[in-house]
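Quick note on numbering: the sequence shown equals residues 1 to 486 in UniProt numbering.
One structure below.
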Amino acid sequence: MLASVSAIKVTDYKFYVNGQWKESQSGQTIDIRSPYLYEVMGRVQAITKEEVDEAIGFARGAQIEWAETSLQERAKYLYKWADELVNMQDEIAEIIMTEVGKGLKDAKNEVVRTADFIRYTVEEALHMHGESMKGDSFPGGSKSKIAMIERVPLGVVLAISPFNYPVNLSAAKLAPALIAGNAVIFKPATQGAISGIKMIEALHKAEFPKGLVNLITGRGSVIGDYLVEHKGIDMISFTGGTNTGAHLAKKAAMIPLVLELGGKDPGIVREDADLVEAAKQIISGAFSYSGQRCTAIKRVLVHESIADELVGILKGEIEKLAVGSPEEGNTVVPLIDDQSADFVQGLIDDAIERGATVVIGNKRERNLIYPTLLDHVTEDMSAAWEEPFGPVLPVIRVSSDEEAINIANKSEFGLQASVFTKDINKAFAIANKIETGSVQINGRTERGPDHFPFIGVKGSGMGAQGIRRSIESMTREKVTVLNLSL
Ligand code: NAP
Ligand code: G3H
């Protein structure tokens with residue numbers, strides 16, 4: 001049974017514009033229900049289009065002065081924000097847990113990781129330098145010409161984040177945008193908005209200039225298109241589902257876009273792999289936070305000669321997973337909502353109907369799906385292709401590396417992949433052929449460390465994140481040419 005908190009204090013949260021917390025003129029709020037307490041924990045404002053216009057107007061005004069401040073000065077604000085997040089870590093972690101059902105320890109790690117992310121972002125920016133080019137290196141060019149190339153901000157960045165890392169994936173957009181001299185309009189996932197508000201409370205304590213960061217709340221389905229098409233937005237950094245990202249990309253015209261979207265990361269297990277170690281990595285990759293990570297391992301492609309043994313070890317590891325309330329530190333926790341649980345159950349049911357074997361799991365209590373291992377999954381099953389964002393792991397048996405690569409690449413997604421083998425040459429040969437942003441050799445798929453480039457290709461995204469790449473994506477090159485009279 002899930003633990004429950006005896007009395008939740010339901011709070012009405014305001015949105016944040018021009019350095020002030022405000023109630024919306026709409027008079028409407030959105031209930032935020034805890035995914036495991038099944039009660040309303042708070043309400044956020046459903047803001048109007050006029051309020052969107054106002055927020056963007058303030059951002060545009062504030063950005064002009066902010067771009068003029070020195071890097072050292074911007075750095076001070078960001079460092080202060082990181083410190084305030086650390087000071088508020090317990091309070092914020094509690095909200096993350098209650099709002100998105102993440103275990104308290106992971107929630108706390110998310111806040112601390114975010115502070116580290118902000119600090120590293122500052123340090124990276126402080127050490128980014130422009131370049132210069134001499135004119136005479138091109139045929140017919142002249143020594144009298146020297147180009148100075150520097151990076152300048154884009155203006156107002158629209159940051160749209162998903163529910164599953166409501167603080168970290170939001171700050172991963174705000175910090176690079178701000179250090180680079182941009183202003184920000186931040187639209188958190190509605191389920192996750194209260195965590196985002198807490199993160200902005202920490203930012204408010206750092207006393208950034210008014211209007212530089214504005215947090216607006218409201219359903220993406222209601223205000224999303226208006227925001228994305230708004231002429232006052234100069235760049236969009238979006239993390240979320242592939243369908244939402246594809247929709248947004250069609251709407252946003254002629255502005256830079258970074259999209260980090262869904263995944264169907266394969267764990268490829270070769271005949272020669274260390275199966276015990278591979279299984280540990282696969283289980284941790286697949287089931288942490290109930291598989292609600294874009295980088296979760298979402299299918300296993302295993303050589304048929306060792307499949308029985310691997311499945312046996314995976315089953316043993318799954319039996320050790322703690323299932324239940326995030327308040328008790330469980331790994332597998334209720335999914336974000338009933339609809340998500342229905343979707344995962346649908347994938348399991350379809351696979352069983354088409355001949356897959358349930359090794360363990362296929363048990364459900366409301367939106368809590370027990371960790372489920374499906375064996376003998378075949379290509380005609382939805383579980384082979386769809387992103388579950390839930391605790392179900394399909395095992396597909398293959399007869400060769402080529403078959404594994406082929407099935408891996410048939411996916412619409414291309415975020416990450418893992419290859420488990422003792423043969424480093426084979427590992428590189430497979431990694432070279434896999435169509436994903438990253439390939440992990442003998443490790444689980446994951447985003448961090450956060451200064452590594454993080455890239456989704458095909459249906460998994462466009463452009464790159466990772467600290468330096470994010471700063472680059474939120475700036476553009478500007479060339480000033482000096483014409484000397486020699
Ligand atoms: P989602 O439903 O796509 O929502 C993401 C964000 O988009 C939310 O803020 C949402 O607002 C907003 N949105 C919805 N409709 C919009 C529109 N028409 N225009 C603009 N914004 C709109 O995704 P999610 O359920 O929060 O997150 C899960 C998905 O994100 C998974 O597919 C996962 O793989 C992916 N993800 C990818 C990465 C990565 O880095 N590759 C990281 C984390 C998650 P509302 O909440 O108000 O609808
Ligand atoms: O959900 C997507 C996140 O980018 C995954 O981050 O690999 O650190 O869990 P993570």
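Note that CB positions come from ideal geometry on N, CA and C, so glycine has one too.
Restricted to the stretch 279-357, the alpha helix (DSSP H) segments that are unbroken, complete and at least 4 residues in length are 304-319, 338-353, listed in chain order.
Boundaries of the beta strand (DSSP E) around MET148: 145-153. The three-state reading of DSSP puts LEU248 in helix, counting H, G and I together. Within the same chain, VAL111, LYS198 come within 6 Å of ILE92 by CB-CB distance, once the 5 residues on both sides are set aside.
Shown here for PRO162: same chain residues with a beta carbon closer than 6 Å to its own, the five before and five after excluded, namely ALA189, THR239, GLY240 in chain order. If you compare the alpha carbons of GLN416, GLY267, THR244, GLU99 with that of LEU259, the shortest gap goes to THR244. Within the stretch 38-78, complete alpha helix (DSSP H) segments of at least 4 residues are found at 49-68, given in chain order.
The C-beta of PRO139 has fewer than 16 other C-beta atoms within 10 Å across all chains shown, which makes the residue exposed. If you look at MET128, you'll find it isn't in any beta strand (DSSP E); DSSP assigns it neither H nor E. In the DSSP assignment, VAL222 falls outside any beta strand (DSSP E) and lies within the alpha helix (DSSP H) extending over 220-228. Contact between GLN28 and ALA46 holds: CB atoms are separated by about 4 Å, below the 8 Å threshold. In the structure shown, the three-state DSSP call for TRP21 is strand. Within the same chain, and ignoring the five residues on either side of THR295 in sequence, the residues whose Cβ sits closer than 7 Å to its Cβ are GLY263, ASP265, LEU415, GLN416, THR445, GLU446, ARG447. The shortest C-alpha to C-alpha distance from GLU229 to any of THR421, PRO256, LYS143 is the one to PRO256. For VAL333, the distance from the CB to the nearest heavy atom of ligand 1 is not below 7 Å.
HIS451 has its CB no nearer than 7 Å to any heavy atom of ligand 1. With 16 or more other Cβ atoms inside 10 Å of its own Cβ, TYR165 counts as buried.
Closest by C-alpha distance to LYS210, out of SER170, TRP66, LYS108, ALA383, is TRP66. The count of Cβ pairs closer than 8 Å, one atom from the stretch 172-188 and one from the stretch 209-225, reaches three, so the stretches are in contact. Counted as a single uninterrupted DSSP element, the alpha helix (DSSP H) harbouring ALA431 occupies residues 424-433. Out of ILE336, ILE318, GLY220, VAL377, the CA that lies nearest to the CA of TYR36 is found in ILE336. Here ASN87 is exposed. Its C-beta has fewer than 16 other C-beta atoms within 10 Å. Per DSSP, ILE255 is not a residue of any beta strand (DSSP E), being assigned neither H nor E.
Of the residues VAL377, LYS315, GLU386, the one whose Cα lies closest to the Cα of VAL344 is GLU386.
GLY312 and ARG354 have their C-alpha atoms some 22 Å from each other. When C-alpha distances from LEU321 are compared across VAL377, GLY192, LYS280, the shortest belongs to LYS280.
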